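Here is the structure we will look at, set down as structure tokens.
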Ligand SMILES: CC(C)(COP(=O)(O)OP(=O)(O)OC[C@H]1O[C@@H](n2cnc3c(N)ncnc32)[C@H](O)[C@@H]1OP(=O)(O)O)[C@@H](O)C(=O)NCCC(=O)NCCS
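Residue numbers (the numbering used here): 8 to 167.
Have a look at this one:
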């Protein structure tokens with residue numbers, strides 16, 4: 008992110024459309040996206056006045072906050088905006104008393120696994136066959152069959 012670029016991140020307004028074009032880049036299931044949008048918080052990122060990114064957070068009763076979806080406009084990826092969204096999620100989770108921030112991805116999502124680990128997450132759990140059970144279409148990324156869910160977590164209690 009260049010110094011002169013100004014990113015604003017805020018909650019979705021009541022009358023604003025859901026940016027499915029971004030959300031479906033991160034999660035191909037419209038059904039699942041709609042289900043977690045019902046209980047999640049949708050945050051929107053604007054570069055000047057242009058919507059360039061989104062993420063969805065969901066909190067549970069055990070002080071765990073989960074990033075359900077995160078997506079940056081294709082042409083603007085790799086410039087630090089995704090990391091800014093993660094930082095915003097960390098701050099939100101901490102300000103709501105969460106002790107842990109988690110995110111899930113697939114075994115074939117090599118770029119995303121690199122991204123999350125560079126943002127400070129560590130692999131904490133693997134759920135075998137998750138994608139076979141919850142996604143009707145076979146998912147292949149970089150020639151790898153996506154079958155297992157990888158859960159990554161960040162311990163917020165040790166963050167200042
Ligand atoms: C995943 C995504 C949100 C990352 O956002 P981004 O703006 O491209 O990432 P950033 O530029 O902020 O990168 C942050 C760090 O991750 C690293 N990173 C990002 N993509 C990477 C990749 N493919 N390989 C290795 N490292 C990568 C960057 O080098 C950077 O590292 P640094 O902090 O050490 O410099 C974005 O690529 C995206 O929207 N992808 C499509 C949707 C998606 O897959 N969502 C996640 C579903 S699980």
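From the three backbone atoms N, C-alpha and C, an ideal C-beta is built for every residue, glycine too. For clarity, every value in this text was computed on a predicted model and none was experimentally measured.
Between residue 12 and ligand 1, is the CB less than 7 Å from at least one heavy atom? Not so, every heavy atom of ligand 1 lies at least 7 Å from the Cβ.
Just reading off the beta strand (DSSP E) that residue 62 is part of, what are its end residues? For residue 62, the enclosing beta strand (DSSP E) starts and ends at 57-66.
For residue 58, the nearest candidate out of 128, 78 and 111 (CA to CA): Sorting 128, 78 and 111 by C-alpha distance to the C-alpha of residue 58 places 78 at the top.
Which residues bound the alpha helix (DSSP H) around residue 95? Note, residue 95: alpha helix (DSSP H), 88-102.
State whether the segment 124-131 contacts the segment 49-57, with contact taken as three or more CB pairs (one from each stretch) at a distance under 8 Å. Too few Cβ pairs lie closer than 8 Å, so no.
Could you pull the start and end residues of the alpha helix (DSSP H) that residue 117 belongs to? Residue 117 -> alpha helix (DSSP H) spans 117-125.
Within 10 angstroms of the Cβ of residue 119, are there 16 or more other Cβ atoms? Answer buried if so, exposed if not. With 16 or more other Cβ atoms within 10 Å, it is buried.
Is any heavy atom of ligand 1 found at a distance shorter than 7 Å from the C-beta of residue 23? Incorrect: residue 23 has no Cβ contact closer than 7 Å to ligand 1.
Just to confirm, are residue 70 and residue 111 a CB contact at a threshold of 8 Å? The Cβ-Cβ distance between residue 70 and residue 111 does not fall below 8 Å.
Reference residue 73; option with closest CA among 121, 108 and 103: Minimum Cα distance to residue 73 is reached at 108.
Would you say residue 98 faces chain B, with C-beta separation under 8 Å as the test? Note that chain B does not occur in the displayed structure, where there is just one protein chain.
Check whether the Cβ of residue 116 lies closer than 7 Å to any heavy atom of ligand 1, and answer yes or no. The nearest non-hydrogen atom of ligand 1 is less than 7 Å from the C-beta of residue 116.
Kindly list the residues whose CB is nearer than 8 Å to the CB of residue 43, restricted to its own chain and excluding five residues on each side of it in sequence; keep chain order. These residues qualify, in order along the chain: 63, 65, 75 and 76.
With distances taken from CA atoms, which of 103, 32, 136 and 38 is nearest residue 164? Checking every option, the nearest Cα to that of residue 164 belongs to 103.
For residue 131, tell me which candidate among 80, 160 and 152 has the shortest Cα-Cα distance. Relative to residue 131, the option among 80, 160 and 152 whose CA is nearest is 160.
Give the single residue among 46, 36 and 56 whose Cα lies nearest to the Cα of residue 143. Nearest of 46, 36 and 56 to residue 143, Cα basis: 36.
Going along the chain, which residues put their C-beta within less than 5 Å of some heavy atom in ligand 1? Matched residues: 32, 33, 77, 78, 79, 84, 85, 87, 88, 89, 90, 112, 118, 119, 121, 122 and 125.
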